[in-house]
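*Asks:* Reminder that position 89 of the sequence shown reads as 89 in the UniProt record's numbering, one-by-one numbering, no gaps.
Glycine included, C-beta positions come from ideal geometry on N, C-alpha and C.
Here it is, the structure, as structure tokens.
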Amino acid sequence: MTLNFDADQPVVGLKRQQALIKAVLGASNADETRWLEWKSHHDVSKPEGAFAVSKAILGFANRMPDVAAQWAEGHAYLLVGVEEEALQGVTRHDIEKVDAWLGRYIGDFDRYQFTYVPFDNGEGPRHVMLVDVFPPRWGDPVHPLRKEYQNFYAGTVFHRYAGKTQPARAAEIDALTERARRAAKRVNVTVGIAAGAVAVVPPAEDMRTKILDVLRENLLKQLDARRPAKKTSTTGAFPYAPAFDVFRALPPIDYRSPDEFREQVEEYLRDFDTAMQQSFVQAVGTAGTPLRLKLTNPGEENLFKVEVVLSLPDTVLAHVTDDEEDIDWPDEPAKYGSAALPVSLGAFPGMAALRAPAFRLPPIDSPYIEHEEGRTIIRFTPVDLRPHETVPLDPITLYSTQEAVDSFVGEWRATATNVSGTVGQRLLIPARHLEVDLNQALLPLINVDVQEPGPTGAAGPTPRS
1 MTLNFDADQP
11 VVGLKRQQAL
21 IKAVLGASNA
31 DETRWLEWKS
41 HHDVSKPEGA
51 FAVSKAILGF
61 ANRMPDVAAQ
71 WAEGHAYLLV
81 GVEEEALQGV
91 TRHDIEKVDA
101 WLGRYIGDFD
111 RYQFTYVPFD
121 NGEGPRHVML
131 VDVFPPRWGD
141 PVHPLRKEYQ
151 NFYAGTVFHR
161 YAGKTQPARA
171 AEIDALTERA
181 RRAAKRVNVT
191 VGIAAGAVAV
201 VPPAEDMRTK
211 ILDVLRENLL
221 KQLDARRPAK
231 KTSTTGAFPY
241 APAFDVFRAL
251 PPIDYRSPDE
261 FREQVEEYLR
271 DFDTAMQQSF
281 VQAVGTAGTP
291 LRLKLTNPGE
301 ENLFKVEVVL
311 SLPDTVLAHV
321 TDDEEDIDWP
331 DEPAKYGSAA
341 LPVSLGAFPG
351 MAALRAPAFR
361 LPPIDSPYIE
371 HEEGRTIIRF
381 TPVDLRPHET
391 VPLDPITLYS
401 TQEAVDSFVG
411 EWRATATNVS
421 GTVGQRLLIP
431 ARHLEVDLNQ
441 ALLPLINVDV
451 QEPGPTGAAG
461 PTPRS
């Protein structure tokens, strides 16, 4: 049996708490880890129970931040009242009383919280005590045992190893000393603009929609245009003429139904739209100047894996700049009525997904771009910095359709793995208005223009002069 639980995120909410209890019931004692421990039963009102829970809390608290961060974003959990294949439950007590009982052994350490989680495995509801120990931080002091218990003297430093909590060895004491020492060292970097601006461009969404509508209309006309060929009798021309007439009367063979052809058209249009968007970004990057930030370490310390995160208003869109990017424009679906049964990867279920994407993906070490809470967030690839060193960060193409703007206000923050803290500041990014030919930007390889609707409401491609 193994622990069937996703430890990428903290255990928050009743549903996830119960999922963890269920996972423990289906696990083995070998599945206890550096972030999870469970005990079949303990009453924290008794010295034995209070010490057992306190020992686990102190062990989790005396972990290294970089090690703890590998699971549940640094959180660690103790479950009391459950073990593999057995749900015992615990007696519930008031929070104030529990804090007092544990405080005898953990002192004023308060970076934990606990709750009683109801759970029913078919034998009636029980309550499991779930203790959440918060992530350790650089600069945290060592947390020793404050009250003697049996063979463990006051001052014992417990550490959570893989599957067990026990007195720390010399190596762990040294590491915890270094953890505390880092409180005096905080990240100290500056971020500035080396070159570039936010390109202010005309909106392209309406033009993209028109182009897709024209392509859709032209492709779907094939369904209406397909008619059986006019019969031409060959009766009497040769002995097998009647059979030949029947063969000629058959409509052209196409393995696709009309609905399947429509699905192919929509898939093609989605890929085409993706390619248009990438072409537009490439045109903006070529006509404008991508933003390039410079990162400086003004101090005397080596800084490792400095990560810069830039936050911008959601009116600013960001894309990775790649001057060598090749856009793969998709091929139109085969003309309806002419597609024979395919003998290719697409003929086998699930294999069509293996085809190449509409455009080449950015390199693995490119900045990561996401949107959250009304902001555009850019996470740059972490870099190492020697004392007084300045390095350029990867270029980013920024553009916006917001008019009458001279600049955009962003915010940056930076962290490093070998020092504590976060540093950040506002960043004023200039705006540059660009004249972009939407036809050329969206359809650089297609010799057509998309016209505005005329008096009849029709719009369509016409040859470029």
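Check the DSSP bridge columns for I193 and list the partner residues they point to.
*Replies:* L293
*Asks:* Taking the C-alpha atoms as reference points, what is the distance between D6 and L269?
*Replies:* 37 Å
*Asks:* Using the three-state DSSP reduction, which class does P118 fall into: helix, strand or coil?
*Replies:* In the structure shown, P118 sits in a strand (DSSP, three-state: E or B).
*Asks:* Thinking C-beta only, is P367 closer than 8 Å to F380?
*Replies:* Their beta carbons are under 8 Å apart, which means F380 touches P367 by this criterion.
*Asks:* Residue 554 and L385 look like a contact to me (Cβ under 8 Å); what is the Cβ gap, rounded to whole Å?
*Replies:* With the chain covering 1 to 465 only, the question about residue 554 has no answer from this structure.
*Asks:* Straight-line CA distance for residue 467 to D66?
*Replies:* Absent from the model: residue 467. The displayed extent of the chain is 1 to 465, so no value can be given.
*Asks:* I need the DSSP call for P313, collapsed to helix, strand or coil.
*Replies:* Strand at P313.
*Asks:* Which residues does DSSP pair with H388 in a beta bridge?
*Replies:* Answer is none; H388 lacks a bridge partner.
*Asks:* Ignore the nearest five residues each way along the sequence and tell me which others in K335's own chain have a CB closer than 8 Å to its CB.
*Replies:* Q222
*Asks:* Write down the C-beta distance between I383 and V306 rounded to the nearest angstrom, noting that I regard them as a contact closer than 8 Å.
*Replies:* Here residue 383 turns out to be Val, not Ile, going by the sequence shown. Correct: roughly 6 Å between the Cβ atoms.
*Asks:* Could you check what DSSP says for T2 in three-state terms: helix, strand or coil?
*Replies:* coil
*Asks:* Could you check where the beta strand (DSSP E) with Y399 kicks off and where it finishes?
*Replies:* 396-400
*Asks:* Using a threshold of 8 Å, state whether the C-beta atoms of N302 and H388 are closer than that.
*Replies:* no
*Asks:* On a Cα-Cα basis, can you pick out the residue from W101, L58, L14, Q70 that is closest to D43?
*Replies:* Residue W101 is the option with its Cα nearest to D43.
*Asks:* What's the gap between the Cα of A61 and the Cα of G49?
*Replies:* 18 Å
*Asks:* Near R92, which residues of its chain fall below 7 Å by C-beta distance, leaving aside the five closest residues on each side in sequence?
*Replies:* Y116, H127
*Asks:* Could you have a look at D132 and say whether DSSP puts it in helix, strand or coil?
*Replies:* strand
*Asks:* V191 and V308: beta carbons closer than 8 Å?
*Replies:* yes
*Asks:* So, with DSSP's three-state summary, where would you put G49?
*Replies:* DSSP places G49 in helix when its eight states are reduced to three.
*Asks:* Could you spell out where the alpha helix (DSSP H) holding I106 opens and where it closes?
*Replies:* 95-106
*Asks:* How many Å lie between Y137 and D437 at the Cα?
*Replies:* The question names Tyr, but residue 137 is Arg in the sequence shown. So the alpha carbons of these two residues sit roughly 52 Å apart.
*Asks:* Leaving out five residues before and five after V281 in sequence, what residues of the same chain have Cβ atoms less than 7 Å from its Cβ?
*Replies:* H319, T397
*Asks:* Compute the beta-carbon to beta-carbon distance between L215 and F272, rounded to the nearest angstrom, for a pair I have assumed lies under 8 Å.
*Replies:* 7 Å
*Asks:* Compute the distance between the beta-carbons of W412 and L428, then report whether it is under 8 Å.
*Replies:* Taking 8 Å as the cut-off, the beta carbon of W412 is found no closer than this to the beta carbon of L428.
*Asks:* From the DSSP output, which residues share a beta bridge with H319?
*Replies:* DSSP, once it has assigned bridges, lists T397 as partnering H319.
*Asks:* Look at the alpha carbon of H433 and the alpha carbon of R262, and state the distance between them as a whole number of angstroms.
*Replies:* 40 Å
*Asks:* Starting from Q166, follow the beta strand (DSSP E) in both directions and report where the run begins and ends.
*Replies:* Counting along the chain, the beta strand (DSSP E) containing Q166 begins and ends at 164-167.
*Asks:* Can you grab the Cα-Cα spacing for the pair G139 / T417, in whole Å?
*Replies:* 13 Å
*Asks:* Determine which residues share a DSSP beta bridge with H159 and list them.
*Replies:* Q166
*Asks:* Does the distance from the CB of E189 to the CB of I173 come in under 8 Å?
*Replies:* What sits at residue 189 in the sequence shown is Val, not Glu. The answer is no: Cβ separation not under 8 Å.
*Asks:* Please report the residue range of the alpha helix (DSSP H) in which F261 lies.
*Replies:* Unbroken alpha helix (DSSP H) run through F261: 258-287.
*Asks:* In angstroms with no decimal places, state the Cα-to-Cα distance between T390 and S407.
*Replies:* 25 Å
*Asks:* Cα separation between H41 and S54?
*Replies:* 14 Å
*Asks:* For the beta strand (DSSP E) that I378 lies in, which residues bound it at each end?
*Replies:* 375-379
*Asks:* Once DSSP output is grouped into helix, strand and coil, what is the label at R146?
*Replies:* coil
*Asks:* Taking the beta strand (DSSP E) that Q425 belongs to, which residues open and close that run?
*Replies:* Element bounds for Q425: 423-433.
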